[in-house]
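Enquirer: Numbering (the numbering used here), first residue to last: 17 to 1173.
(1) Given that a residue counts as buried once 16 or more other Cβ atoms are within 10 Å of its Cβ, and exposed if not, what is residue 921?
(2) State the CB to CB distance for the pair residue 163 and residue 174, rounded to an integer number of angstroms; the pair is presumed to be in contact (CB under 8 Å).
(3) Mapping the DSSP letters down to three states, classify residue 995 as helix, strand or coil.
(4) From residue 1011 to residue 1028, what does the alpha carbon distance come to, in whole angstroms?
(5) Residue 1093: buried (16+ other C-beta within 10 angstroms of its C-beta) or exposed?
(6) State buried or exposed for residue 12, treating a residue as buried only when at least 16 other CB atoms are found within 10 Å of its CB.
(7) Note down, in chain order, each residue of its chain lying with its Cβ closer than 7 Å to the Cβ of residue 407, except the 5 sequence neighbours on either side.
(8) CA-CA distance, residue 396 and residue 897?
(9) Let me check you understand the geometry: is the CB of residue 282 closer than 7 Å to at least one non-hydrogen atom of the ligand FMN?
(10) Cα separation between residue 1228 and residue 589?
(11) So who's on the other strand from residue 150, going by DSSP bridges?
(12) Is residue 471 buried or exposed, if buried means 16 or more other CB atoms sit within 10 Å of its CB?
(13) Using the Cα positions of residue 35 and residue 279, report the straight-line distance between them to the nearest angstrom.
(14) I need the DSSP call for residue 596, collapsed to helix, strand or coil.
(15) If you check the beta carbons only, do residue 782 and residue 754 fall under 8 Å apart?
(16) So what does DSSP say about residue 435, is it helix, strand or coil?
(17) For the beta strand (DSSP E) containing residue 454, name the first residue and the last one.
(18) Please report the residue range of the beta strand (DSSP E) in which residue 712 lies.
(19) The alpha helix (DSSP H) spanning residue 769 covers which residue range?
(20) Under 8 Å, with one C-beta from each stretch per pair, do the segment 869-883 and the segment 71-81 reach the 3-pair mark?
(21) Between residue 901 and the rest of its own chain, which residues show a CB-CB distance below 8 Å, the 5 nearest in sequence each way excluded?
(22) Among 792, 734, 158 and 64, which has the Cα closest to the Cα of residue 44?
(23) Determine which residues share a DSSP beta bridge with residue 165 and list them.
(24) Give me the DSSP bridge partner(s) of residue 533.
(25) If I'm right that residue 705 touches residue 692 with Cβ under 8 Å, what's the distance once you round it to whole angstroms?
(26) Please report the straight-line C-alpha distance between residue 797 and residue 596, rounded to a whole angstrom.
(27) Quick check on this structure: which residue in 415, 1002 and 244 has the alpha carbon closest to the alpha carbon of residue 804?
(28) What span of residues does the alpha helix (DSSP H) with residue 727 cover, start to end?
(29) Assign residue 65 to one of three DSSP states: helix, strand, or coil.
(30) Hey, how far is the Cα of residue 109 from the Cα of residue 906?
(31) Can you check which of these residues, 1038, 1005, 967 and 1014, is closest to residue 1070 by C-alpha distance?
(32) Which residue wins for smallest C-alpha separation from residue 579, given the options 591, 594, 666 and 483?
(33) As a quick exercise: from 256, 1045 and 1075, pick the residue whose alpha carbon is nearest that of residue 234.
(34) Given a threshold of 16 other Cβ atoms within 10 Å of its Cβ, counted over all protein chains shown, does residue 812 qualify as buried or as exposed?
(35) Report the rounded CA-to-CA distance for residue 1103 versus residue 1016, giving the unit in angstroms.
(36) Going by beta carbon distance, what residues of the same chain come within less than 7 Å of residue 933, once the five residues before and after it are set aside?
Shown next, in the form of structure tokens:
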């Protein structure tokens, strides 16, 4: 009973078998044993929260973050014991951070709810009780028969039952699922294809048995049992019978399908899974620094507690006359008192841990990520595609990349195939004027006459034009359409669609040569050979898979013969051939590959009647199997695709993308090693590597290929290591194939890595998708822990994109799987240079300074509090007012660093792109090294000491400095109080830390000016109002008139100026000294840039006429600081999005400035 209740509540779901049984139209058996199965409803839920669980769930997630949890503990301690500061001081900032984050996450989830409701409420038509009924999408149940009309999306995963075409086919596009825009043909089984009306579907008696839901879009195993006149007919079901939710119906008036997977069990929903969380090197450094500061906090709290008890060992300090202890206090436990004091000091110093750091970093990453999408230099006009950011958590990681792993096809190349040449029966041919001409000969036949082809040539062209899965689309598609009605000639209305660009290029090439594929209808494929029509019956398609690396079709010729045509990689075809010009063809394939062409080998096999009968039986058994179907099909395909007769080979060119060579060279100059990982054969890959500049002609090419055993592989690796050591002056390139790589990774990882790291470029060919990921993981987990980036465009690149620290998808022609699983997406490989060298550089320096500055300003903030305890007998008296404690990180110092972290540029983008070596200055997390961290921390302590002791010396000892026309006694009373001293220290601190950031800023915009000077002005205005008025809602007002009185003293102003100069002047001297004596490459570029007048501080003040006040001030400051040559022409840089109202983040020089270069 208890188990049943748990099942009903969803805590203990019932055991599910490996398969599900779906009764079409939900006609369950009336007799016999039947176990009802529970299926998900058709609601899509992409939201994270509901109205009931939002608050507890969101709070739980936020307090899992260590800083939030730490401040919660501090807040609770303040509530429980008597602490020197109000609980508001830590409670309010915590509440602010939690609230801002909750509002952001709640708004995002509300948008998801809104989108879900639109999808779930969409109208659909289902067959119920013998009629077509309109309902909402969320009401579809497993087993319902659904009608979908042309251009509508499928509301659930449906098994196709029938369409308006007699043969039961339909065309769909899966662009929204995988980005593939080509039309795909799906099929209904013959027994259900005839049920084209609602009445016939209502009478249909059928059961679908299929696997339980899984995320793989391209895998579906099932069978349908149709009962006709008491006889059960079993037909196999595969991916070609399944219409996926989210796909769209094309070129077909309507279809009927039965829902097998609904709602969150549909394949589209199962692919919603979140990718594994990647953490940047900066985030890891930040956590390390937090732990160090936590150690400093504990040290200060323990030291203060010990010193308090050491000091109070004397009775006169332990119990002074003005603060006598109660009897209860005298008798209280010493241990509990010690713990209480320790917690009180912990609360007093807790602001050394910056709570607002996390929220500022999140805002910086989120807002900063828009700049990538706005950058017009990353916009591809031909395809109308902008750069895309899928995760903003890794922006700064773009500035730390040490290894780039790239795919070849579609990433370095265009993935636009063009037929170049072929080999038939051992003779090489070229295409000249649309005719097949042997190499070395010219086309001398008249244009109008049909060329004479030998039997081998004609059979080769027929094999290429029939062995494919190409579809044809016509402009006129309103009616059911007959593909053969257009077969009288190839017109502009006909267009080939193929899932592979190679297939499309080959079919178009055979069409030009006179053997034209004119379409397929049901099981019939038609070609026209020089105007003569021939119809072939398509018996079976043996689909391509990465393991076999070939695809085949079995056809019945017009003469009734059964023939197999197959094509694939030479390594997948030649070992299975028994006749033909094998050696000549192998030689020609190698020659094609050396030219950089993609090669395919074509072969055929004729079946006798007995052989085909056995083939037919084996295929049927394998396709109808519910268990281990893939393994059985692989065995059957291997049985069929043997004893082949070789026809020839094709060579297709895939052109390099624009500026690939320049991009690879720029990455190399930036200190980034480029590895090319491809599935192509050895010779093709090497040829393309040489042509794209990955390998240089002067480079010594080392090879680790065709290794047969572990011992042989180890010996070759040792030989290569010795060769590299002997020729250490020469640059080396390494070529590895997939089989040798498997051996190297099995036993000799260390030796293999040693060879690879000493090579300037590495090329891995014949790689399987998982091998690509293994190579990335090998580098990623090596002792040096380098930052890796993987870039690719196809589904076979997804594993390495997810494995690398940063994954980049190319919006290419192989679908959108890579883009969907990437962290960033760009349209062309050439954009990678700017993404890393410019955006990566900017993001890294911005966030590195942000993190260091946050710790610096908090050390400045809390150290005077610690020093003050030495002067107040460790009584836990706070130096600052609680309002100042609360607002320091939230209001007074938050905006300048946020704006800095969004707009800072050490050098102009053009300089960063023209000098890739500047990327090396920030490599290996140099700006967040322990040395830099120590410098900022010590600087914070030094400034804090100057704030405290400078104020103490200047204001506390010499009363003559206080003269402002008032009676000295009254003056002392007003000026020497605790709050006055604390306010003076706080004022100096706010101004100094703000000006310190101003000194760090190289790229000034009007926004920087506004928030920098505005923050200081806001502090003064706020303090005047806060201390100048008696607020009725405050139970104490210690600060009343303190700030006004402080500012009325000239000596206070003198002290403020002296202390600020004392803090910042050494910093300025250090900067000047290092810039002139030991300048970095970046600083040298800044000097050249300043002399050239490229980057003025007024760069963002782009007004149509004249110069703004901000720009005049900026120019003056530039000249004073030596950053801008007054004689240089004014350079008008514009951040279009902020100043000129264009949604583009692109810094452009005006024509006048460009002319000066």
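Where a beta carbon is used, it is the ideal one built from N, C-alpha and C, also for glycine. All values derive from a computational prediction rather than experimental measurement.
Expert: Based on what the coordinates show:
(1) Indexing the chain shown from 1 puts residue 921 at position 905. Classification of residue 921: buried, given that the 10 Å Cβ count is 16 or more.
(2) Here residue 163 refers to the residue found at position 147 when the chain shown is read from its first residue. Here residue 174 refers to the residue found at position 158 when the chain shown is read from its first residue. In fact, because the Cβ distance is near 10 Å, the residues do not count as touching under 8 Å.
(3) Within the chain shown, numbered from 1, the residue matching residue 995 stands at position 979. Residue state, collapsed to three classes: helix.
(4) Your numbering for residue 1011 matches position 995 in the chain shown. Your numbering for residue 1028 matches position 1012 in the chain shown. Cα-Cα distance, rounded: 8 Å.
(5) The sequence position of residue 1093 within the chain shown is 1077, counting from 1. Exposed: under 16 other Cβ atoms inside 10 Å.
(6) Here the chain has residues from 17 to 1173 only, and residue 12 is not among them.
(7) In the chain shown, the residue the question calls residue 407 occupies position 391. So the list reads 839, once near-sequence residues are dropped.
(8) As a position in the chain shown, residue 396 is number 380, starting the count at 1. As a position in the chain shown, residue 897 is number 881, starting the count at 1. Whole-angstrom Cα-Cα distance: 56 Å.
(9) For the ligand FMN, the structure offers nothing, since it holds no ligand at all.
(10) Since the first residue shown for the chain is 17 and the last is 1173, residue 1228 is missing from the structure and cannot be characterised.
(11) Within the chain shown, the letter at position 134 stands for residue 150. According to DSSP, which records beta bridges pairwise, residue 150 is partnered with 141.
(12) Reading the chain shown from its first residue, position 455 is the one you call residue 471. Exposed.
(13) Counted from its first residue, the chain shown places residue 35 at position 19. Counted from its first residue, the chain shown places residue 279 at position 263. When rounded, the distance between both Cα atoms is 18 Å.
(14) Locating residue 596 in the chain shown gives position 580, counting from the first residue. Coil.
(15) Here residue 782 is taken as the residue at index 766 of the chain shown, counted from 1. Here residue 754 is taken as the residue at index 738 of the chain shown, counted from 1. Closer than 8 Å, so yes.
(16) Within the chain shown, the letter at position 419 stands for residue 435. Looking at residue 435 - three-state DSSP - the assignment turns out to be strand.
(17) Reading the chain shown from its first residue, position 438 is the one you call residue 454. 451-454 is the span of the beta strand (DSSP E), which, as asked, contains residue 454.
(18) The sequence position of residue 712 within the chain shown is 696, counting from 1. That residue, residue 712, is in no beta strand (DSSP E); it is neither H nor E in DSSP.
(19) Against the chain shown, residue 769 aligns to sequence position 753. Where residue 769 is concerned, the enclosing alpha helix (DSSP H) stretches over 765-773.
(20) Judged by Cβ distances under 8 Å, the segment 869-883 makes no contact with the segment 71-81, as fewer than three pairs qualify.
(21) Within the chain shown, residue 901 is the residue found at index 885, counting from 1. Cβ neighbours of residue 901 beyond the five flanking positions: 101, 105, 367 and 894.
(22) Taking the chain shown and counting its residues from 1, the one referred to as residue 44 is at position 28. Considering only alpha carbons, the answer is 158.
(23) Position 149 of the chain shown holds residue 165. According to DSSP, residue 165 bridges with 270.
(24) Working through the chain shown from its first residue, we reach residue 533 at position 517. Looking at the DSSP assignment, residue 533 forms a beta bridge with 543.
(25) Counting from one through the chain shown, the residue named residue 705 turns up at place 689. Counting from one through the chain shown, the residue named residue 692 turns up at place 676. 6 Å between Cβ atoms; contact.
(26) As a first step, residue 797 is located in the chain shown; it is residue number 781 there, counting from the start. As a first step, residue 596 is located in the chain shown; it is residue number 580 there, counting from the start. The straight-line gap separating the alpha-carbon atoms of residue 797 and residue 596 is approximately 48 Å.
(27) Looking up residue 804 in the chain shown gives position 788. Of the candidates 415, 1002 and 244, the one whose C-alpha sits nearest the C-alpha of residue 804 is 415.
(28) Residue numbering aside, residue 727 sits at position 711 when the chain shown is read from its first letter. That run of the alpha helix (DSSP H) goes 726-742.
(29) Residue 65 sits at position 49 when you count from the first residue of the chain shown. DSSP places residue 65 in coil when its eight states are reduced to three.
(30) Along the chain shown, read from residue 1 onward, the residue named residue 109 stands at position 93. Along the chain shown, read from residue 1 onward, the residue named residue 906 stands at position 890. Whole-angstrom Cα-Cα distance: 7 Å.
(31) In the chain shown, counting from the first residue as 1, residue 1070 sits at position 1054. Of the listed residues, the one whose Cα sits closest to residue 1070 is 967.
(32) For the purposes of this step, residue 579 is identified with residue 563 of the chain shown, where counting begins at 1. Nearest of 591, 594, 666 and 483 to residue 579, Cα basis: 483.
(33) Numbered from 1 along the chain shown, position 218 holds the residue referred to as residue 234. Considering only alpha carbons, the answer is 256.
(34) Against the chain shown, residue 812 aligns to sequence position 796. When all chains shown are included, residue 812 counts as buried.
(35) The residue given as residue 1103 occupies position 1087 in the chain shown. The residue given as residue 1016 occupies position 1000 in the chain shown. Their Cα atoms are separated by approximately 16 Å.
(36) Counting from one through the chain shown, the residue named residue 933 turns up at place 917. Same-chain partners within the cutoff: 685, 686 and 1097.
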